[in-house]
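Just remember that the working numbering sits 1305 ahead of the position in the sequence shown, which is counted from 1.
From the three backbone atoms N, C-alpha and C, an ideal C-beta is built for every residue, glycine too.
Remember, predicted model here, so these are calculated numbers, not experimental data.
Structure record follows, encoded as structure tokens.
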Amino acid sequence: MIVNNTRVLVVGMARSGIAAAKLLLRHGAVPLLNDTQTADAFGHDLDAFLHTACELHLAEDPVLLLPGCDLVVISPGVPVDSPVVSQAKSLNIPLIGEMELAFSLLKGRVTAITGTNGKTTTVSLLGELFKNAGFATHVGGNIGVPLSAIAMESKEGDIVITEVSSFQLETIRSFHPQTAAILNITEDHLNRHYTMDAYIALKRRVFENQTEDDLAVLNFDDPLTRGLSEQLRPKFAWFSRQSTVRDGICLQGNTVVSVTGGRQTPICGADEIRIPGPHNLENAMAAAAIAIAHGISPESIRHTLHTFAGVEHRIETVRTVHGVTYINDSKGTNAASTIKAVESMKTPTVIILGGYDKHTGFDGLTAAIAQSPCIHHAVLLGETAGQIAQSLSKSGFHTFTYADTLWDAVYKAADRAVPGGSVLFSPACASFDMFRDYEHRGAVFKEIVNQLNEPKQ
């Protein structure tokens, strides 16, 4: 695909775009780097391209750069109905996403994890499972290290574990993970995909190029993912908290067991898994199903499940101030994810909600808040504050307050929290109305919390 002097327009210069450009340079291409922002917005991130074959075209219309290009690579944040995509198609210029580019130049065996929630935790846990079992392992994709950066380091025989989003699956062609999992599917990203049917179809694409020699892992308890097993070409394994499965991972009493052809092998007690909550039990079971399929022993899996502490920005305890524990769940970017966080609360809790509008509903979340024995107040901010307020009122929950900024929200939550209780920051929305991404948002929340007064002596 990539030969010397291939002219490639890279649209979107966030982490994945920068990594794609470096990968293209490595393979002799001439990248044209394009973004809506000016060079000032990138600090020193573009310094690596000085004195190279790259052409910088920042704050320029990418459509005007298409003539003379041999290929277009778009970052996940570039919608597939954007003008540059439409014009590239009309000019018959091949167009792919960053993940597809990386896969074409990648070495090693690929495991891909997608789903609405739990991807980051499961991918991170899988990385620990494989590393602890002695495999040369790379972890990234939609989190942390872009797949293009991994493609510059991976070797034959390595294990590559990648988080995959619906945005990335829009532009695949040959992407072929030997193992792929869909953890769950709930309403999300309808501002981009418009309908649930379209969103579900994109998630299913993770299995599109798999063969009978590959493995698909699915959540038996989720009706949408269970239904996707029909007409799948690969072998498949299940994970389930609620039912006994013939092949995969399930519970027998309080014991997590591996099942092969109906034969059960104990792995560990459910209460031995360090990361808390029923949703994390599901994530652990999905990871265990993949680990077992790769020959990792139950003893090694048990050790990792016992020691893995979770990921940053997902139900992460920041600190306790004046007897109130502050919890960073900035990774809660949709209602279903925040419901899991609400269900994990064990003490009187003030929740901070709101952010960028992804055109999804909040009624299921607000019903869960109204029914929670722990949530006693909500602080609302961002574009969606009004929508959430209406939904809370409809659910019979009327103790909420508006905030103008995240600083304002934290201090208002602190005023309403009680000693021995918690403040949970789980927005149920994307961050783009105020922050670059959920990581930036979570980092700001932690900075604010760490500047609160020390506990009184």
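Nearest to residue 1517 by C-alpha distance, out of 1505, 1502, 1482, is 1482.
For residue 1336, no alpha helix (DSSP H) run applies; the uninterrupted beta strand (DSSP E) run containing it begins and ends at 1335 to 1340, by DSSP. Looking only at 1577, 1583, 1593, the smallest Cα-Cα distance to residue 1542 is reached by 1593. By the beta-carbon neighbour count (other beta carbons within 10 angstroms, threshold 16), residue 1532 is exposed.
Rounded to the nearest whole angstrom, the CA to CA distance from residue 1359 to residue 1616 is 35 angstroms.
Cβ contact annotation for residue 1723 (same chain, cutoff 6 angstroms, sequence separation greater than five): 1653, in chain order.
Between residue 1491 and residue 1464, the C-beta spacing is not below 8 angstroms.
Within the DSSP bridge table, the entry for residue 1732 names no partner. Close CB contacts of residue 1562 within its chain, under the 8 angstroms cut and outside five residues either way in sequence, are with 1554, 1555, 1556, 1569, 1570, 1571, 1572 (chain order). Exposed is the label assigned to residue 1394, since fewer than 16 other Cβ atoms lie within 10 Å of its Cβ.
For residue 1743, the number of other beta carbons within 10 angstroms of its own is at least 16, and it is reported as buried. Judged by DSSP in its simplified three-state form, residue 1504 adopts helix. In chain order, 1620, 1634, 1637, 1729, 1731 place their CB closer than 7 angstroms to the CB of residue 1646, counting only its own chain and leaving out the 5 sequence neighbours on each side.
If you ignore the 5 residues before and after residue 1655, its C-beta comes within less than 6 angstroms of the C-beta of 1682, 1718, 1721, 1722, 1728, all in its own chain and listed in chain order. Pairing residue 1641 with residue 1364, the inter-Cα distance amounts to about 36 angstroms. A direct Cα-to-Cα measurement between residue 1340 and residue 1390 gives close to 14 angstroms. Burial is judged here by how many other beta carbons sit within 10 angstroms of a residue's own beta carbon; residue 1424 has at least 16 and is buried. One Cα belongs to residue 1623, the other to residue 1392, and the distance between them is close to 47 angstroms. The beta carbons of residue 1367 and residue 1316 sit about 5 angstroms from each other, so the pair counts as a contact at 8 angstroms. Under the 8 angstroms Cβ criterion, the stretch 1488 to 1507 does not count as touching the stretch 1455 to 1462, having fewer than three qualifying pairs. Membership of residue 1548 in any alpha helix (DSSP H) is not indicated, and neither H nor E is assigned to it by DSSP. In this structure, residue 1575 sits near residue 1586, with a CB-CB distance shorter than 8 angstroms. In this structure, the alpha-carbon of residue 1432 lies about 16 angstroms from that of residue 1579. Bridge partners of residue 1443 according to DSSP: 1465.
CA-CA distance, residue 1697 to residue 1660, rounds to 16 angstroms. The beta carbon of residue 1677 is closer than 6 angstroms to those of 1647 in its chain, skipping five residues each way along the sequence. A distance below 8 angstroms between beta-carbons, with the five flanking residues on each side excluded, links residue 1520 to the following residues of its chain, in chain order: 1483, 1484, 1485, 1539, 1540, 1541, 1542, 1595, 1598.
The alpha helix (DSSP H) runs of length 4 or more contained entirely in the stretch 1572 to 1638 are, from start to end of the chain, 1583 to 1598, 1603 to 1612. The alpha-carbon of residue 1350 is positioned some 40 angstroms away from that of residue 1694.
Counting every other CB atom within 10 Å of its CB across the protein chains shown gives residue 1447 a total of 16 or more, marking it as buried. Excluding residues up to 5 positions away in sequence, 1574, 1575, 1576 lie with their Cβ nearer than 8 angstroms to the Cβ of residue 1559 in the same chain. By the criterion of a C-beta distance shorter than 7 angstroms, residue 1494 is surrounded in its chain by 1471, 1504, 1663, once the five residues flanking it on both sides are discounted.
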